[in-house]
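Note sheet for the following structure.
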Amino acid sequence: MLSDELKKQIQLAYRASLEAKSHKPRAGQREMIGAIARTLGNIKQGSEGERLDEKHVAVIEAGTGTGKTLSYCLAAIPIAKARGLKLIISTATVALQEQILHKELPDLLEHTELSFKYTLAKGRGRYLCLNNLEGFLSSEEQAMEDMFAGLFEQHLNSDDVNTALYQEMDTALGKGEWDGDKDNWAGIIRDQDWRRLTTDHQQCTNRNCANYSACPFFKARAEIEVADVIVANHDLVLADLSLGGGAILTPPKETIYVFDEGHHLPDKAIGHFRHEVRLQQSIAWLRQLEKNLVNLKQELTDDVSLTGQLLLKVPQQIQSIVNFIQYAQQGLAPYIQGLGLDQENNQHRFEFGLVPDELRQLAYSLQTSYQKLFKNIESIQDECKKTKQNEGMGVTPETAETWQPILGVILGRLEQSVGLWRLYSTVDDQNYPPNARWLILSGQGMEQDIELGGSPILAANTLRQQLWDKCFGAVVTSATLTALNQFHRFNMRSGVPQESEYLRVISPFDFQTNGLLVVPDMEHEPNRVEQHTAEIIAYLDEHVNIAKGSLVLFSSRRQMEEVAKSLSAGLQEILLMQGEQSKRVILDSHRASIDSGKGSLLLGLASFAEGVDLPGDYLTCVYIAKIPFSVPDDPVEATLAEWIQKRGGNPFMEITIPDASLRLVQATGRLLRSETDSGEIHILDKRLRTKRYGKQLINSLPPYRYR
């Protein structure tokens, strides 16, 4: 049970926070705080602090303006501290992460009696590897680069090495003016420059590294140990869970998670288990690997050492893999020819994820062979690590230090291949959704290659096993967790326990008074692309106020570009289109135009339909070109639809319409960002009026005035 002391602590903190900002209590906010406090506070603990209850997850849709960040912080922080647990707040976007770090948490510390330490957690990829920096500043590094060209996906020419930047970074580190965090570097860093300087869990040598005590990543990791609240992102949490949990962040059983922008979690999870491999490219890479490992053999001090014996096995192992890949190529060639694939029609999805038996058997052989090579390389890397402790044989400390991160890159690539071939060799359990599997024909002539891809169609089972079953407690929240006013879509995709606490908190905004929804009588449906595009152009020319802030959202880049070039001269003068500059620059230009008393017309795609915050005069009218149905050729979604249909369901009503409903709510949500905002939403799709599902979609939107 939630103790009276904790209840009082949460109530006092809420009151103090409101008073500091001169805000009044919001019914929805209080409701949300109560639901989270009940869920987390009523979890029973065993003698060793372990969770005993199953009802440990709260799923809360909180409409825009609820104040959900304050709600979950006020409820979860005191409970996590009282139970001796870590609180991880995970977001999907940098903008929200920065808001929590630089505004919400500091405000709580300043205005309430709550006492806690907080920090930001990032993956290794955001931090400088001191070994890599030292290497690129040494005269030997280019020779190393040439030696390993082809092994690294992002090999750069010597002309591309930004030595001046690296020297500047080295100086800033030496003076204590920079901490090695990419996000804290004052200047601009090109992706290719940063890739050379960072590392991952396979390449990192941890405590065996000479720079371990000064390592920016491990310094930041030490802060996690003493923090009560850790701000992270979904990708980092999922990466940690895929490593077993506790590798980067704290172990799930000792953690309460809050997933803000939680509607992204299922798709993010699927992305972590998606694999793609190109066959001819794999052969070329394996041949290059064999050459590079010959170089290591030449550096051995003792050929009969364990390292030498392991290296002797490599050529045969690589040849075995190459043979199996070539068998796969030969077997797939007539199959692809029979499918009639070409440059235009280059993708084939295996129905229900079922691949030909011959390919599945080859995949099993490839998985086994890749696994043997992986273990062999891993053992060589272990010998390199032992050399640091004077236990390894056959490798000098200098050679070991050079090779360890390189072997890490090799292991990372092999790990991906093992994952793909395991997925292709597995017969899916009929009790669970199948995996999607597909092939793509890329290039032409001598450059032609076959790419095989695979992915789970739902992350529900994986999330259930790795997250929900293991964590002490969790809160999932977002302004858009329901579709068609139900949680069914999110439950199916996320696997949250059915006995979770569910709550919908209605936005405090007065949608009836402040928002007008217009669905005009368009003549053509969007499938008549040319005619529909011409209608959009005419409609915008007639209705867009050139003195105001407007946003037009498209599902098709081609249609957006066609509209952009065909608008009237007056609209052309105030036009800003996604893709012409970075999203941040475009939004800054839009705000600057409104601030100067001029109008601005934004044209954007899906990324502008979510996370864009333009309150007040910055946005008074949103135009949506058509219902945002998903792209039908995505192999993962197509396999999911196929599976639902096989089970007697209706994919259009169970997937397509709920997905469109969610996207439509997000898109219309760009208009009202505060209680004083007002404006209009125009959806230029007659199907909302003429199709049976149109009424469902409109009813799932906030209660705008409708015309």
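According to full-length UniProt numbering, the residues represented by the sequence shown are 1 to 707, in order. Using N, Cα and C, we set each Cβ at its ideal position, and we do this for glycine too. Treat the numbers as computed from the prediction; the structure is a model and nothing was measured.
Note down, in chain order, each residue of its chain lying with its Cβ closer than 8 Å to the Cβ of residue i, except the 5 sequence neighbours on either side.
i, result
"Ser-550", "Val-544, Gly-599, Ser-600, Leu-601, Leu-602, Leu-619, Thr-620, Cys-621, Val-622 and Tyr-623"
"Lys-117", "Val-226, Ala-227, Asp-228 and Val-229"
"Asp-521", "Lys-686 and Arg-689"
"Pro-703", "Phe-511 and Gln-512"
"Asn-346", "Ile-440, Leu-441 and Ser-442"
Name the residue from the options whose alpha carbon lies nearest to the alpha carbon of residue i.
i, options, result
"Ala-534", "Glu-562, Arg-707 and Gln-316", "Glu-562"
"Arg-663", "Phe-554, Ser-3 and Leu-423", "Phe-554"
"Ala-547", "Leu-571, Ile-536, Ser-115 and Gln-486", "Leu-571"
"Lys-44", "Ser-138, Glu-383 and Ile-79", "Ile-79"
"Glu-573", "Asp-541, Arg-584, Val-585 and Gln-559", "Asp-541"
"Arg-196", "Asn-295, Leu-12, Ala-13 and Leu-137", "Leu-137"
"Asn-208", "Pro-658, Lys-646, His-488 and Gln-381", "Gln-381"
"Asp-595", "Gln-559, Glu-580 and Asp-617", "Asp-617"
"Glu-654", "Arg-493, Gly-604 and Gly-679", "Arg-493"
"Ile-188", "Tyr-166, Leu-173 and Lys-175", "Tyr-166"
"Ser-556", "Leu-605, Lys-691, Lys-268 and Ala-269", "Leu-605"
"Ala-97", "Asp-235, Lys-583, Thr-66 and Leu-332", "Reading the sequence as shown, one finds Gln at residue 97 and not Ala. Ranking the options by Cα distance to Gln-97, first place goes to Asp-235."
"Lys-219", "Gln-309, Tyr-539, Ala-121 and Met-560", "Ala-121"
"Lys-431", "Lys-646, Cys-204, Arg-15 and Cys-215", "According to the sequence displayed, residue 431 carries Asn and not Lys. Answer by Cα proximity: Lys-646."
"Trp-438", "Ala-27, Ala-186 and Pro-356", "Pro-356"
If we cut at 8 Å on Cβ distances, does residue i have a partner in chain B?
i, result
"Lys-182", "No chain B is present in this structure, which holds just one protein chain."
Check for me: the beta strand (DSSP E) holding residue i runs from which residue to which?
i, result
"Asn-233", "229-233"
"Tyr-704", "Note, Tyr-704: premise wrong, no beta strand (DSSP E); not H, not E."
"Lys-7", "Segment 4-21 is the alpha helix (DSSP H) holding Lys-7; no beta strand (DSSP E) there."
"Tyr-118", "118-120"
"Gly-453", "449-456"
"Phe-259", "255-259"
"Ser-556", "It is not in any beta strand (DSSP E) - Ser-556 carries neither H nor E in the DSSP assignment."
Does the beta-carbon of residue i have 16 or more other beta-carbons within 10 angstroms, so that it is buried, or is it exposed?
i, result
"Leu-312", "exposed"
"Ala-677", "In the sequence on display, residue 677 carries Asp and not Ala. When all chains shown are included, Asp-677 counts as buried."
"His-102", "exposed"
"Gln-154", "Since pLDDT at Gln-154 reaches only 43, below the 50 mark, its modelled position is unreliable, and the value read off the structure follows with that caveat. Under this definition Gln-154 is an exposed residue."
"Met-169", "buried"
"Gly-338", "exposed"
"Arg-670", "buried"
"Lys-8", "exposed"
"Arg-349", "buried"
"Met-1", "exposed"
"residue 721", "Since the first and last residues shown for the chain are 1 and 707, residue 721 lies out of range."
"Leu-558", "The residue you asked about is not Leu; residue 558 is Arg in the sequence shown. Exposed, because fewer than 16 other Cβ atoms sit within 10 Å of the Cβ of Arg-558."
"Glu-5", "exposed"
"residue 781", "This structure cannot speak to residue 781, because the chain is shown only from 1 to 707."
"Ala-20", "exposed"
"Glu-110", "exposed"
"Thr-199", "buried"
"Met-577", "buried"
"Pro-615", "exposed"
What are the start and end residues of the alpha helix (DSSP H) that includes residue i?
i, result
"Asp-191", "191-195"
"Met-522", "From DSSP, Met-522 is part of no alpha helix (DSSP H); its letter is neither H nor E."
"His-532", "529-543"
"Arg-422", "397-425"
"Gln-97", "94-99"
"Gly-28", "27-41"
"Glu-110", "105-111"
"Gln-319", "306-339"
"Gly-570", "569-573"
Excluding five sequence neighbours on each side, which residues of the same chain lie with their C-beta closer than 6 Å to the C-beta of residue i?
i, result
"Leu-503", "Ala-35 and Ile-60"
"Phe-259", "Ser-90, Leu-265 and Val-476"
"Val-636", "Ala-436, Ser-455 and Ile-457"
Only counting the same chain, and skipping five residues up and downstream in sequence, which positions put a Cβ closer than 7 Å to that of residue i?
i, result
"Ser-661", "Ala-483, Leu-484, Leu-697 and Ser-700"
"Thr-399", "Glu-299"
"Arg-126", "Asp-181, Lys-182 and Asp-183"
"Ala-569", "none"
"Asp-193", "Asn-162 and Leu-165"
"Val-519", "Ile-683, Leu-688 and Arg-689"
- Message: Using a Cβ distance threshold of 8 Å, determine whether the region 54-67 contacts the region 26-41, with at least three qualifying pairs required.
- Response: yes
- Message: Below 8 Å, how does it come out for the region 636-653 and the region 455-462: are there three or more Cβ pairs, yes or no?
- Response: yes
- Hey, is the region 180-188 in contact with the region 121-130, meaning 3+ C-beta pairs nearer than 8 Å? yes
- contact_flag[the region 71-86, the region 246-263] where n(CB pairs < 8 Å) is 3 or more: yes
- Message: Between the region 420-437 and the region 351-362, can you find at least three pairs of beta-carbon atoms closer than 8 Å?
- Response: yes
- Message: Can you confirm whether the region 22-36 touches the region 503-518 when touching is taken to mean that 3 or more C-beta pairs between the two stretches lie within less than 8 Å?
- Response: yes
- Query: Does the count of Cβ pairs from the region 443-453 and the region 262-276 closer than 8 Å reach three?
  - Reply: yes
- Message: With three or more C-beta pairs closer than 8 Å as the rule, is the region 464-473 touching the region 244-252?
- Response: yes
- Query: Is there contact here, the region 285-302 with the region 313-322, by at least three beta-carbon pairs under 8 Å?
  - Reply: yes
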